[in-house]
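Below is one structure, written out as structure tokens, with a few remarks after it.
Number of protein chains: 2
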Amino acid sequence: MDRSAEFRKWKAQCLSKADLSRKGSVDKDVVELVQFLNTRDQFFTTSSCAGRILLLDGGINGFEVQKQNCGWLLVTHKPCEKDDVIVALKKANGDATLKFEPFILHVQCQQLQDARILHSVAIDSGFRNSGITVGKRGKIMLAVRSTHGLEVPLSHKGKLMVTEEYIDFLLNVANQKMEENKKRIERFYNCLHHALERETMTNLHPKIKEKNNSSYTHKKQRNPEKAHAQCITKENDKELENDDDDLGINITIFPEGY
Amino acid sequence: MDRSAEFRKWKAQCLSKADLSRKGSVDKDVVELVQFLNTRDQFFTTSSCAGRILLLDGGINGFEVQKQNCGWLLVTHKPCEKDDVIVALKKANGDATLKFEPFILHVQCQQLQDARILHSVAIDSGFRNSGITVGKRGKIMLAVRSTHGLEVPLSHKGKLMVTEEYIDFLLNVANQKMEENKKRIERFYNCLHHALERETMTNLHPKIKEKNNSSYTHKKQRNPEKAHAQCITKENDKELENDDDDLGINITIFPEGY
């Protein structure tokens, strides 16, 4: 079977299966994006989460319950209020940790070039930890990941270690991150439209390829007002970016075009 | 210029440049790994951080100072003590955040297959957020990344929002993560040796390829005692793994071999 026939087979198998997540459905905020990707011949999505605030109860670092996949005291894809967390924390008997987990998406791609375009769009939209995986049998997967998380231990052996005032402050930070995360999903969706249109144009008219190559560079946007609908990394991302350059980790040199 | 000559040129350029990081040198805990990779024709490292505990001072989400690359109140690659953080926090006038950042490594690879081997080793060693990037000019980069972080806001507009007891508790968690991070770096180094030896053997004796293919699958280890020196993902990783399956995000199906 040739590669594209095999890919169509994988896609049909994948999309015909039931949603195995706890929630059992795709998150509202990414339904449009997931559906759009699945209408394209060269892509299909295998998993997604729009972003959520989680309160987990576990042993130290949440290990015991983690592996039993239980101990979820609270999970929400909407902004979270102090009282919900206070109530949920009463059920904690181990070390409870509050997490904000940003948008994550896994997309299987037909060709490496398809994954490259998607990866470039992800980076340009602010999802700095995105990357490609090439499986043993040649399956090409793009994971869209952000650095934009939060992980805060709140209780130890069931004892609350912080004040209600702190939880209130923490949820403000978490809710802001969720807002920023939503903007990035919109940016990703818009970028994706532009990049795929451009790719189609380029394939139809190879001569304009040179011009369109610029879409694979990660230009910084100096005008925040313009940034939202466009396919660029905002200069003023409101986050602690786990960025090798900005945070000055040991760098010999970072290759151009990377 | 053919691909391997071009790669040798990039490697020579990269390794001849000065270390541009604040620290200006490779972290002690990864020197051996970095040197080992750089002795191999098919790899060179472009940046690395062994893992660190950081205290950053910033506006909300650390934005303003972040982009000026300042406001580092504390940074250490060793286990951290409460008093160091208490002293450093006195200098905070914005929103100070304590972070544990795990090992990160960027490796440029000659061929996609080289990146695949390294990626498989990274995943098997517990670095779940690792991924490949293919640059505009065909540069192939592997980023080794963990999900094993911590990000905890501690003060708001210079006002400390938590108790000293909490900071003590938090540093215990951070120091444990640093310990686990070290074990993973060792595991990565051991895995890498085995995988590259196996690859060399396979190239010399193609007939044993079939057998060695198993090295690209992510077997779970049921015997923690055995786990350390071996190239497998420990069943009992002591962390809140940002794992799509375990944390049950929307999954249609996860392709085999991914």
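Protein sequences, first through last, are from chains A and B.
Under our numbering, the first residue of the first sequence carries the number 335, and numbering increases by one thereafter.
Under our numbering, the first residue of the second sequence carries the number 335, and numbering increases by one thereafter.
Heads up, the beta-carbon is just placed ideally off N, CA and C, and yes, glycines get one too.
Whole-Å CB distance - residue i paired with residue j, under 8 angstroms assumed
i	j	result
A:W406	A:L388	7 angstroms
B:R518	B:F434	Contact flag wrong, Cβ pair sits at about 13 angstroms.
B:C414	B:A508	6 angstroms
Terminal residues of the alpha helix (DSSP H) in which residue i lies
i	result
A:H453	L446 to D458
A:M535	E498 to L538
B:A422	K416 to L423
B:F370	K362 to T373
Below-8 angstroms beta-carbon distance, residue i vs any chain E residue
i	result
A:G483	Going by chain labels, chain E is absent from the structure shown, which instead holds the protein chains A and B.
Cβ-based burial, residue i [other Cβ within 10 Å; buried from 16]
i	result
A:S548	At A:S548, the pLDDT of 41 sits below 50, so the modelled position is not reliable; the number obtained from the coordinates is stated separately. Flag for A:S548 reads exposed.
B:S338	exposed
A:E514	buried
B:N463	buried
A:K658	The shown model of chain A, from 335 to 592, leaves out residue 658 of chain A, and the question about it has no answer.
B:P487	buried
B:E485	buried
A:K351	exposed
A:H527	exposed
A:D336	exposed
A:S381	buried
B:K345	buried
A:T534	exposed
B:G358	exposed
B:R532	buried
A:R471	exposed
B:L390	buried
Minimum Cβ-Cβ distance from residue i to chain A less than 8 angstroms
i	result
B:Y523	no
B:F503	yes
B:P487	yes
B:L408	no
B:T467	yes
B:V507	yes
B:L371	no
B:H490	yes
B:Q564	Only weak support is given to the placement of B:Q564: the predicted model assigns it a pLDDT of 48, under 50, and the value that follows is read from those uncertain coordinates. Chain A contact via Cβ: absent.
B:I394	Because the pLDDT of B:I394 is 48, which lies under 50, any placement of that residue in the model is unreliable, and the number read from its coordinates should be weighed accordingly. By this cut-off, B:I394 is an interface position.
N- and C-terminal bounds of the beta strand (DSSP E) containing residue i
i	result
B:K345	Looking at the DSSP string, B:K345 is not in any beta strand (DSSP E); the run it does join, the alpha helix (DSSP H), is R337 to S350.
B:R442	This sequence places Gln at residue 442 of chain B; Arg is not what is there. It spans D429 to C443 - the beta strand (DSSP E) in which B:Q442 sits, taken as one unbroken run.
B:P485	Checking the sequence, you will find Glu at residue 485 of chain B rather than Pro. Per DSSP, B:E485 belongs to the beta strand (DSSP E) from L484 to P487.
B:T481	Element bounds for B:T481: n/a, residue is neither H nor E.
A:G405	Here A:G405 belongs to no beta strand (DSSP E), and DSSP marks it neither H nor E.
A:F377	F377 to C383
B:L354	Here B:L354 belongs to no beta strand (DSSP E), and DSSP marks it neither H nor E.
A:R386	R386 to G392
B:G465	G465 to V468
is_contact[residue i, chain B] using C-beta, thresh 8 angstroms
i	result
A:I322	With chain A covering 335 to 592 only, the question about residue 322 of chain A has no answer from this structure.
A:N463	yes
A:I451	no
A:M495	yes
A:A477	yes
A:L446	yes
A:P558	Low confidence applies to A:P558: its pLDDT is 36, below 50, so where it sits in the model is not reliable, and the reading given next is rough at best. Not closer than 8 angstroms to any Cβ of chain B, the Cβ of A:P558 fails to qualify, so no.
Segment contact flag, the region 359-377 of chain B with the region 438-452 of chain B, C-beta cutoff 8 angstroms, min 3 pairs: yes
Contact between the region 530-539 of chain B and the region 509-523 of chain A (3+ Cβ pairs under 8 angstroms): no
The region 492-504 of chain A contacting the region 494-510 of chain B, beta-carbon criterion three pairs below 8 angstroms: yes
Touch test, the region 454-474 of chain B against the region 405-424 of chain B, Cβ-Cβ under 8 angstroms, three pairs minimum: no
Cβ contact (3+ pairs, closer than 8 angstroms) linking the region 446-459 of chain A and the region 467-482 of chain A: yes
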